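Peer 1:
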Amino acid sequence: MVIYKFGGASVKDAEGVKNHRNILISHKEGRVIVISAFGKTTNKLEEITDAIYKKDQVRFNDRFRELKNYHHSIIKELFKGHEAVYEEVEYIFNAINRAFPEPWKHYDHLYDQIVSLGEILSTKIICAYLKHQHLNCQWIDIRENLITDDVYREASVDWESSQNRVSRNLVPTGSEILITQGFIGGTYDGVSTTLGREGSDYSAAILANILEAEKMIIWKDVPGVMNADPRYFQDASKLEKISFQEAIELAYYGAKILHPKTIKPLQNKKIPLYVKSFLEPGNKGTLIGEYNRYDEDKPIYILKKDQILISVLPRDFSFVFEETLSKIYSLFAKYRIKINLMQHSAINFTFCADMKNPYVFQLIEDLKEDYKVLYNTGLELLTIRHYTEQIIREVLKDRHILVEQRSRNTAQFLMEVQY
Ligand code: ADP
Ligand code: ASP
Ligand code: MG
Numbered sequence: 542m543v544i545y546k547f548g549g550a551s552v553k554d555a556e557g558v559k560n561h562r563n564i565l566i567s568h569k570e571g572r573v574i575v576i577s578a579f580g581k582t583t584n585k586l587e588e589i590t591d592a593i594y595k596k597d598q599v600r601f602n603d604r605f606r607e608l609k610n611y612h613h614s615i616i617k618e619l620f621k622g623h624e625a626v627y628e629e630v631e632y633i634f635n636a637i638n639r640a641f642p643e644p645w646k647h648y649d650h651l652y653d654q655i656v657s658l659g660e661i662l663s664t665k666i667i668c669a670y671l672k673h674q675h676l677n678c679q680w681i682d683i684r685e686n687l688i689t690d691d692v693y694r695e696a697s698v699d700w701e702s703s704q705n706r707v708s709r710n711l712v713p714t715g716s717e718i719l720i721t722q723g724f725i726g727g728t729y730d731g732v733s734t735t736l737g738r739e740g741s742d743y744s745a746a747i748l749a750n751i752l753e754a755e756k757m758i759i760w761k762d763v764p765g766v767m768n769a770d771p772r773y774f775q776d777a778s779k780l781e782k783i784s785f786q787e788a789i790e791l792a793y794y795g796a797k798i799l800h801p802k803t804i805k806p807l808q809n810k811k812i813p814l815y816v817k818s819f820l821e822p823g824n825k826g827t828l829i830g831e832y833n834r835y836d837e838d839k840p841i842y843i844l845k846k847d848q849i850l851i852s853v854l855p856r857d858f859s860f861v862f863e864e865t866l867s868k869i870y871s872l873f874a875k876y877r878i879k880i881n882l883m884q885h886s887a888i889n890f891t892f893c894a895d896m897k898n899p900y901v902f903q904l905i906e907d908l909k910e911d912y913k914v915l916y917n918t919g920l921e922l923l924t925i926r927h928y929t930e931q932i933i934r935e936v937l938k939d940r941h942i943l944v945e946q947r948s949r950n951t952a953q954f955l956m957e958v959q960y
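Take any residue in the sequence shown, count from 1 to its spot, add 541: that is its number in my numbering.
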């Protein structure tokens, strides 16, 4: 049994959905297909959530209309008529509409109820289209199968309960195709949750692990895992094969191609992961598997944009001791701040994080209560795996570096943006 994962880019329009069908019919085995929301729907649903929370009716109406028109335009192109799909979709849009007047106390709870609907919409439409095209498929509600805790926006999987349900309900018979949602889950009480942005890769890996899949294929808009993001590095080239270990390092340092949690469930059951292009499905892509070593000599570049560098200094010139560090760390946990790089000296603790985290400035305010805090915004963090001195010299020519850190295999540079 094989798990496929299709991301938002692969189903951003009707052409994408048709291409998806073509990929499915070119294989005959039973499959579980994990799908993200269409295109940038999750971003739009985040804006809708914000408008609901702030009771901004005008903004809500605008974004809601855009979201509805976008989905309707895809349906219109896929089906001629077919009232049943419009009805199903209408039902989901009504749920969003009904959320507006409700008094929502907890933003994260509201977020998961609204944002999770992006994946429900896309899978309902795709499954209806595949059935319309005479494919043997079934829609599965992952919220009833992937059971999580209620830490909204970053829920953790309850492996035992999920194992029971997934192995009962997500087993395709014969050549059947099961269509389900990435990124979302549900609590025991049936409340929707999400696993963190870009979490669909992780969802697919969880299902692969539980179902002991023979392999998992992630379909992307790039030829495979490359040695850099081709959007920023023109000379990026594809890696043929990489080890689980290399893949986990890449994801950890921020390579957007894979969600960081994806590798562990696969590695634990030694399930090979293929990253392939949905634009050239006949090509080989990249194979990630159980190798002893990284078998390419290429350097790998990972660029993280929109970084903030924050320095924390005790006001009275006292040392940064364990007690101070543990206080700072508890604030990281409270605001779910992920640290991308850190350094500390006798009287200074410096770290870099994503500026897009909505809580980062709240963290700064909290830190200011006890410490002097300095920060620089709009920076870039470049990580180079398997670096050489010559590579560093070439890549960093004329760049203004604020912080630098090296280990045996990895060098990191936090720098100002070059215009
Ligand atoms: P999905 O459609 O599954 O959500 P994403 O957009 O999250 O896909 O990931 C694919 C994108 O990841 C590519 O378009 C590419 O710009 C980016 N990317 C970042 N690092 C790499 C890399 N090392 N190799 C290939 N693509 C990369
Ligand atoms: N739709 C979700 C997001 O955009 C999950 C995913 O695509 O992986 O974050
Ligand atoms: Mg994505």
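Beta carbons: idealized from backbone N, C-alpha and C, even for Gly. This one's a predicted model, so the numbers in the text were calculated from it and none came from an experiment.
Cβ-heavy atom distance between S697 and the ligand MG below 8 Å?
Peer 2: Reading the sequence shown from its first residue, position 156 is the one you call residue 697. No, the beta carbon of S697 sits no closer than 8 Å to any heavy atom of the ligand MG.
Peer 1: In angstroms with no decimal places, state the Cα-to-Cα distance between V573 and R877.
Peer 2: Looking up residue 573 in the sequence shown gives position 32. Looking up residue 877 in the sequence shown gives position 336. Each residue's Cα considered, the two are about 32 Å apart.
Peer 1: CA-CA distance, R934 and L780?
Peer 2: Numbered from its first residue, the sequence shown carries residue 934 at position 393. Numbered from its first residue, the sequence shown carries residue 780 at position 239. Distance between the alpha carbons of R934 and L780: 23 Å.
Peer 1: Mapping the DSSP letters down to three states, classify Q931 as helix, strand or coil.
Peer 2: What you label residue 931 is simply residue 390 of the sequence shown in a count that begins at 1. Helix, per DSSP.
Peer 1: Answer yes or no: do N917 and D895 have a C-beta to C-beta separation smaller than 9 Å?
Peer 2: On the sequence shown, residue 917 is found 376 positions in, with the first residue counted as 1. On the sequence shown, residue 895 is found 354 positions in, with the first residue counted as 1. Not a contact, by the Cβ cut-off of 9 Å.
Peer 1: If contacts are defined as beta-carbon pairs under 8 Å, then Q679 and L719 qualify, I think. What distance do you get, rounded to the angstrom?
Peer 2: As a position in the sequence shown, residue 679 is number 138, starting the count at 1. As a position in the sequence shown, residue 719 is number 178, starting the count at 1. Correct: roughly 5 Å between the Cβ atoms.
Peer 1: Going by CA-CA distance only, name the one from N560, E556, S577, V732 that's closest to F547.
Peer 2: The residue given as residue 547 occupies position 6 in the sequence shown. For F547, the nearest C-alpha among the options comes from S577.
Peer 1: Could you check where the alpha helix (DSSP H) with R709 kicks off and where it finishes?
Peer 2: Within the sequence shown, residue 709 is the residue found at index 168, counting from 1. Per DSSP, R709 belongs to the alpha helix (DSSP H) from 700–710.
Peer 1: Using CA coordinates, which residue listed in Q931, A640, H612 is at the minimum distance from V630?
Peer 2: By 1-based counting over the sequence shown, the position of residue 630 is 89. When only C-alpha atoms are compared, the closest one is H612.
Peer 1: Nearest to A512 by alpha carbon, out of L872, Y794, G571, Q674?
Peer 2: The requested residue 512 is not part of the displayed model; the chain covers only 542 to 960.
Peer 1: On the three-pair Cβ rule with 8 Å, is the segment 596–606 touching the segment 665–674?
Peer 2: Result no; under three Cβ-Cβ pairs closer than 8 Å.
Peer 1: By alpha-carbon positions, which one of I759, D770, L915 ends up nearest to R856?
Peer 2: As a working note, residue 856 is residue 315 in the sequence shown. Considering only alpha carbons, the answer is L915.
Peer 1: Going by the beta-carbon positions, is the gap between I925 and I841 smaller than 9 Å?
Peer 2: Here residue 925 refers to the residue found at position 384 of the sequence shown. Here residue 841 refers to the residue found at position 300 of the sequence shown. It is a contact, given that the beta carbons lie within the stated cut-off.
Peer 1: For D895, report the span of its alpha helix (DSSP H) as first-last.
Peer 2: As a first step, residue 895 is located in the sequence shown; it is residue number 354 there, counting from the start. Run containing D895: none in the alpha helix (DSSP H); it sits in the beta strand (DSSP E), 889–895.
Peer 1: Buried or exposed for A952, please, with buried defined as at least 16 other CB atoms from any protein chain shown within 10 angstroms of its CB.
Peer 2: Mapped onto the sequence shown, residue 952 falls at position 411. It counts as buried.
Peer 1: Distance, Cα to Cα, W645 vs V707?
Peer 2: Counting from one through the sequence shown, the residue named residue 645 turns up at place 104. Counting from one through the sequence shown, the residue named residue 707 turns up at place 166. For W645 and V707, the distance between alpha carbons rounds to 31 Å.
Peer 1: Any beta carbon of chain B sitting closer than 9 Å to that of K909?
Peer 2: Absent from the structure is chain B; it holds one protein chain and no more.
Peer 1: Where are the beta strand (DSSP E) runs, 3 residues long or more, that stay fully inside the segment 819–887, in chain order?
Peer 2: Listed in chain order, they are 827–830, 841–855, 880–886.
Peer 1: Does the separation of the CB atoms of T734 and G726 fall below 9 Å?
Peer 2: In the sequence shown, residue 734 corresponds to position 193, counting from 1. In the sequence shown, residue 726 corresponds to position 185, counting from 1. Yes; because the gap between Cβ atoms is below 9 Å, this pair is in contact.
Peer 1: May I ask you to report which of helix, strand or coil DSSP gives T918?
Peer 2: Counting from 1 along the sequence shown, the entry for residue 918 is found at position 377. Here T918 sits in strand by DSSP.
Peer 1: With the cut-off set at 9 Å, would you say F819 and I564 are in Cβ contact?
Peer 2: As a position in the sequence shown, residue 819 is number 278, starting the count at 1. As a position in the sequence shown, residue 564 is number 23, starting the count at 1. Yes; because the gap between Cβ atoms is below 9 Å, this pair is in contact.
Peer 1: For L814, which residues does DSSP report across the bridge?
Peer 2: Along the sequence shown, one-based indexing puts residue 814 at 273. Answer by DSSP bridge pairing, in chain order: M757, I829.
Peer 1: Any heavy atom of the ligand ASP inside 8 Å of the beta-carbon of E607?
Peer 2: Locating residue 607 in the sequence shown gives position 66, counting from the first residue. Incorrect: E607 has no Cβ contact closer than 8 Å to the ligand ASP.
Peer 1: Can we count M767 as close to the ligand ADP, meaning its CB is less than 8 Å from some heavy atom?
Peer 2: On the sequence shown, residue 767 is found 226 positions in, with the first residue counted as 1. Yes - the ligand ADP has a heavy atom lying nearer than 8 Å to the Cβ of M767.
Peer 1: Provide the residue(s) that pair with S733 in DSSP beta bridges, ordered along the chain.
Peer 2: Your numbering for residue 733 matches position 192 in the sequence shown. Answer is G727, bridged to S733.
Peer 1: Spatial neighbours of E945 within its chain, please: CB distance less than 8 Å, with the 5 preceding and 5 following residues excluded, ordered by chain position.
Peer 2: Your numbering for residue 945 matches position 404 in the sequence shown. For E945, where only same-chain residues beyond five positions count, the Cβ hits under 8 Å are A952, Q953, F954, L955.
Peer 1: If I661 sits next to S703, beta carbons under 8 Å apart, how far is it from one beta carbon to the other, in whole angstroms?
Peer 2: Position 120 of the sequence shown, counted from the start, is the residue given in the question as residue 661. Position 162 of the sequence shown, counted from the start, is the residue given in the question as residue 703. Actually they do not touch by this definition, with Cβ atoms about 18 Å apart.
Peer 1: Here's the rule I'm using: 16 or more other beta-carbon atoms within 10 Å means buried, otherwise exposed. How should Q959 be labelled?
Peer 2: The sequence position of residue 959 within the sequence shown is 418, counting from 1. Q959 comes out exposed.
Peer 1: Decide if the segment 691–698 is in contact with the segment 641–655; the criterion is three or more beta carbon pairs, one per stretch, under 8 Å apart.
Peer 2: Touching, yes, given that three or more Cβ pairs across the two stretches are closer than 8 Å.
Peer 1: Could you work out which residue in N686, S886, I849 is closest to E701 when comparing CA atoms only?
Peer 2: As a first step, residue 701 is located in the sequence shown; it is residue number 160 there, counting from the start. Nearest of N686, S886, I849 to E701, Cα basis: N686.
Peer 1: Determine contact between the segment 806–823 and the segment 861–872, defined as no fewer than three beta-carbon pairs at a distance below 8 Å.
Peer 2: Touching, no.
Peer 1: Taking the DSSP output, what are the residues bridged to V543?
Peer 2: Sequence index remark: in the sequence shown, residue 543 carries index 2 (1-based). The partner list for V543 (beta bridge, DSSP) reads R572, K756.
Peer 1: Between the segment 631–641 and the segment 601–609, do three or more beta carbon pairs fall short of 8 Å?
Peer 2: They touch, by the three-pair rule.
Peer 1: Need the endpoints of the alpha helix (DSSP H) that S784 sits in, please.
Peer 2: On the sequence shown, residue 784 is found 243 positions in, with the first residue counted as 1. Where S784 is concerned, there is no enclosing alpha helix (DSSP H), although the beta strand (DSSP E) it sits in stretches over 782–784.
Peer 1: In whole angstroms, give me the CA-to-CA distance for N677 and E628.
Peer 2: Locating residue 677 in the sequence shown gives position 136, counting from the first residue. Locating residue 628 in the sequence shown gives position 87, counting from the first residue. Taking the straight line from one Cα to the other gives about 22 Å.
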